[in-house]
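Asker: There's a structure below that I have some questions on.
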Amino acid sequence: MTDQTQKDFLVEESLRRRSELSSPENRLDRMIEIRAVEGKLQSLFNDGFIRGSTHLSNGQEAISVGIAATITTSDWVTCTYRGHGTALSLGVTPTAVVGEIAGRVIGCVGGLGGSMHLCGVEVGLLPTFAIVGAGYPVAAGAALTAQYQGTSDIAVAICGDGATNIGAFYETLNLASIWKLPVIFVVENNLYGEYSRIQLTTPIEDLAQRADSFAMPGVIVDGQDLDAVMDAMTAAVSRARAGEGPTLLEMKTYRYSGHSRADQANYRPAGELDEWLLRDPINLYAHSLGISDAELEERRRVINAEVDMATEVALASPEPPIADLFEFV
Amino acid sequence: MPKLRMREAVIRALADELESDPTVILMGEDIAEAGGPFKATEGLKEQFGARRVRDTPISEMGFLGAAVGAAATGLRPVVEMMFIEFIGVALDQLTTEACKFRFLSRGKLNVPLTVRASAGAGLGFGCQHSQMLDQWFRGTSGLKLAVPSDPQTAYGLLRAAIRDEDPVIILETRSLYGDRGEVTLGEAGIIPLGKGSILRSGSDVTVVALGQMVKHAAAAIQDGQIDAELIDLRTLIPWDRELVLESVSRTRRLVIVEESPYSGGWGTEIAAEVSRELFGQLLSPVHRITLPDTPVPYAASLESRYLPNAEVIRSQIDAYMTSGLSPEPWWRLEGLARA
Ligand SMILES: Cc1ncc(C[n+]2csc(CCOP(=O)(O)OP(=O)(O)O)c2C)c(N)n1
Ligand SMILES: [Mg+2]
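Chains X and W supply the protein sequences, listed in that same order.
Counting in the working numbering, the first sequence runs from 867 upward without gaps.
Counting in the working numbering, the second sequence runs from 191 upward without gaps.
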């Protein structure tokens, strides 16, 4: 296959992968896939295949899968540098994600973006934002287009807890509220912004409270429970599509890894990670579907093998030619 | 003289100023408890306490603006912007507020504020975490901007910046944080703002560089086959006009090596001034070696072409010397871009 046909194939594949999320088993498998891809990324990083920085979302898979399963491919999503899970959930293929992060031409941005800059226009993913808070107003703008053009599309902005301390958050929530924009603000409250625990930077515990002063619903959601995420999203999506305006969803969650790269997360209290591991989103969802531990292991084995293959394809792809640097300027 | 890494030289400069002036305070994200994302403030909170070394929320407009207000009313804040791009969400407070206080108070107020930020390409951080962005600050009167090229300049320029009575930005080239060098500490190690330095004397061509381009330019001419005079500009705003003009008046040729875009890069200002002052004396047009006009690419092989290195600088200087003309940049030679 030429690079181009391979890329076309990956785009079609993303759309197919998105449609798969209507089935609960496939949603489980997608969470397993995200975990597997990120495991792979960590080892690629350790082996020097990944430059700069990379931010894993392991532990937070239910949120990205829950969002992707409740919106359509014509809705728009903005998310952060911690975006591998969101990209994979929305449909971007493991090959395109790993390829991008390894700087290969097969990557979803042709190797020009890197780990913090994934993109999947065909499945509604705007280029992911490496500047904290930058995705909020852009999502509001995508919602404005939908409102202006009278479509039923919506936008979803995904950011972290720390990002609710930045001006763009307040300006955008206010704007979205007075204009009744069809946008959903999802705060992934994983308790840390970089190396700082939320209590050190934020005077309240429940960020959903921040919606109050903008007269919009603020809902606390168990971000480890895929069904809870989907229920909360479904309600917010109907509200947005019905023209009733924005919603803030605070997903209580946890990132298992450090903030980025080699961060060992020594600033976390002993035992905290273990407690969260007891409520692992993959295990919780598997149990709720009545899937046995043995079957879950088997699924992991199969998916790991698929991700290994996708990684091989990604790494076999060349780095982009120099002409690509000038093509889209 | 101790041998320090550049990040350690930054810590020493901050510690020495915290020690000597009780109005100096530090603010930034993860600079206190965690010692800084690049470990350039490590140990300072332990040494000087959380009252003076302060962690902030992710609220750049808030804490940069608070530093402006504190600076205008009696403190001497040093703010860390982890990556210079993050100042984008707070730029008003610096360029439109802080830099107007002296003017609007008819000299009764001044803003002794220092902003330190990591900057520059080469490490694979992608297009939103790899820019120098000096172009965001040039043209704002009342602002100074310096770019260290090694541990000594990191130490000396930062101390001078903190003592300065007006806003100063220090762009610390991220790829140099780990570089080691001998550092003269104390008063003798302080480097005045606005003064460049001749690192190597020569008579055939003046090479002006800044930041990480200094070491690449030095490597490009180190075999001595070209009798080049190398100037580390050190401060970009204001740049050392006298030093550069004096050097070029002797060598009559000028090559500027910039980690800055071809269009609007900082060398354009120097080229204009040199042509104006030394028109008729120059043997060749001023030549600029710059970045292409594109975002910073992620893939390793592309980023290494994006950034000028010793080899490219050498071949450009060779072509300049033999032809007497300013050679085309690689992207035009290869037909990749017109600009
Ligand atoms: C404007 C800006 N300031 C600072 C940063 C550096 N930074 C990157 S991620 C991060 C922490 C963000 O925390 P949070 O919003 O909780 O998201 P999480 O990383 O936990 O998903 C910081 C401070 C940035 N990228 N942009
Ligand atoms: Mg967080």
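Note that beta-carbon positions come from the ideal geometry of N, C-alpha and C, so glycine has one too.
Everything numeric in this text was worked out from a predicted model, so none of it was measured.
Cβ of G1026/X within 8 Å of any heavy atom in ligand 1?
Answerer: Using a cutoff of 8 Å, the CB of G1026/X counts as near ligand 1, since one of the ligand's heavy atoms is closer than that.
Asker: Span of the beta strand (DSSP E) holding M251/W?
Answerer: Unbroken run through M251/W is the alpha helix (DSSP H), E250 to A262; no beta strand (DSSP E).
Asker: Is R242/W helix, strand or coil by DSSP?
Answerer: Coil, per DSSP.
Asker: Quick one: is P1048/X buried, meaning 16 or more other Cβ sit within 10 Å of its Cβ, or exposed?
Answerer: Buried, because 16 or more other Cβ atoms sit within 10 Å of the Cβ of P1048/X.
Asker: CB-CB under 7 Å to R901/X, same chain, minus the five flanking residues each way: which ones, in chain order?
Answerer: N924, E927 and I1148
Asker: Take every Cβ of the segment 1154–1170 of chain X, pair it with every Cβ of the segment 314–331 of chain W, and state whether three or more of those distances are shorter than 8 Å.
Answerer: no
Asker: Which residue or residues does DSSP assign as beta-bridge partners of E1055/X?
Answerer: Correcting the residue type first, residue 1055/X is Asn in the shown sequence and not Glu. In DSSP, N1055/X forms a bridge with K1118/X.
Asker: Find the nearest neighbour of T872/X within the set S889/X, G973/X and T944/X, judged by alpha-carbon distance.
Answerer: It should be noted that the sequence gives Gln, not Thr, for residue 872/X. With respect to the C-alpha of Q872/X, the residue from S889/X, G973/X and T944/X having the closest C-alpha is G973/X.
Asker: Got a sec: is the Cβ-Cβ distance from H983/X to anything in chain W below 9 Å?
Answerer: yes
Asker: For A996/X, which three-state DSSP category applies?
Answerer: coil
Asker: Given 8 Å as the limit, tell me if G233/W has its C-beta closer than that to any heavy atom belonging to ligand 2.
Answerer: no
Asker: Does the segment 434–453 of chain W come within contact of the segment 461–479 of chain W, defined as at least 3 CB pairs closer than 8 Å?
Answerer: yes
Asker: Would you mind telling me which residues of chain X sit closer than 8 Å to Y496/W, beta carbon to beta carbon, in chain order?
Answerer: Neighbours of Y496/W on chain X, chain order: L1191.
Asker: Is it buried or exposed for V1195/X, if we count other Cβ within 10 angstroms and need 16 for buried?
Answerer: Exposed, by the Cβ-count rule.
Asker: Give me the Cα-Cα distance between I221/W and G455/W, rounded to the nearest whole angstrom.
Answerer: 31 Å
Asker: Just tell me which of V269/W, G218/W, T512/W and P341/W has its CA closest to the CA of I381/W.
Answerer: P341/W
Asker: Is M191/W closer than 9 Å to E372/W when the C-beta atoms are compared?
Answerer: yes
Asker: Short of 8 Å Cβ to Cβ, which residues in the segment 1025–1042 of chain X face chain W?
Answerer: G1028, A1029, N1031, I1032, G1033 and A1034
Asker: Please report the distance separating the alpha-carbon of D1088/X from that of K1118/X.
Answerer: 5 Å
Asker: Helix, strand or coil, according to DSSP, for E449/W in the structure here?
Answerer: Secondary structure at E449/W: strand, using DSSP grouped into helix, strand and coil.
Asker: What does L856/X touch in chain W if you count any residue whose Cβ is under 9 Å from its own?
Answerer: The displayed coordinates of chain X run from 867 to 1195. Any statement about residue 856/X would go beyond what the structure contains.
Asker: With a 10 Å radius around its C-beta and 16 neighbouring C-beta atoms as the bar for buried, classify T263/W as buried or exposed.
Answerer: Around the C-beta of T263/W, fewer than 16 other C-beta atoms lie within 10 Å, and the residue is accordingly described as exposed.
Asker: Just to confirm the assignment: which complete alpha helix (DSSP H) runs, minimum length 4, are found wholly within the segment 285–359 of chain W?
Answerer: 291–294 and 341–353
Asker: Shorter than 9 Å from the beta carbon of L1073/X to some beta carbon of chain W?
Answerer: no
Asker: Could you tell me if E1161/X is buried or exposed, where buried requires 16 or more neighbouring beta carbons within 10 angstroms of its beta carbon?
Answerer: exposed
Asker: Scan the segment 969–1036 of chain X and note each continuous beta strand (DSSP E) run of 3 residues or more that stays entirely inside, going in chain order.
Answerer: 1021–1026
Asker: Do P1069/X and A1077/X have their CB atoms nearer than 9 Å?
Answerer: Result no, Cβ atoms of P1069/X and A1077/X do not sit closer than 9 Å.
Asker: With 9 Å set as the bound, which would you pick, yes or no: does the beta-carbon of I1169/X sit closer than that to a beta-carbon of chain W?
Answerer: no
Asker: Does ligand 1 have even one heavy atom less than 8 Å from the beta-carbon of A309/W?
Answerer: no
Asker: In this structure, does DSSP put M1082/X in helix, strand or coil?
Answerer: coil
Asker: Can you look up G457/W in the DSSP assignment and give me helix, strand or coil?
Answerer: helix
Asker: CB-CB under 6 Å to D1146/X, same chain, minus the five flanking residues each way: which ones, in chain order?
Answerer: none
Asker: If V1052/X sits next to I1024/X, beta carbons under 8 Å apart, how far is it from one beta carbon to the other, in whole angstroms?
Answerer: 5 Å
Asker: Are the beta-carbon atoms of V243/W and L254/W separated by less than 9 Å?
Answerer: Between V243/W and L254/W, the C-beta spacing is not below 9 Å.
Asker: Alpha carbon to alpha carbon, what distance is there between G999/X and D282/W?
Answerer: Between D282/W and G999/X, the C-alpha separation is close to 17 Å.
Asker: Which residues, taken in chain order from the segment 273–295 of chain W, show a beta carbon closer than 8 Å to some beta carbon of chain X?
Answerer: E275, F276, G278 and V279
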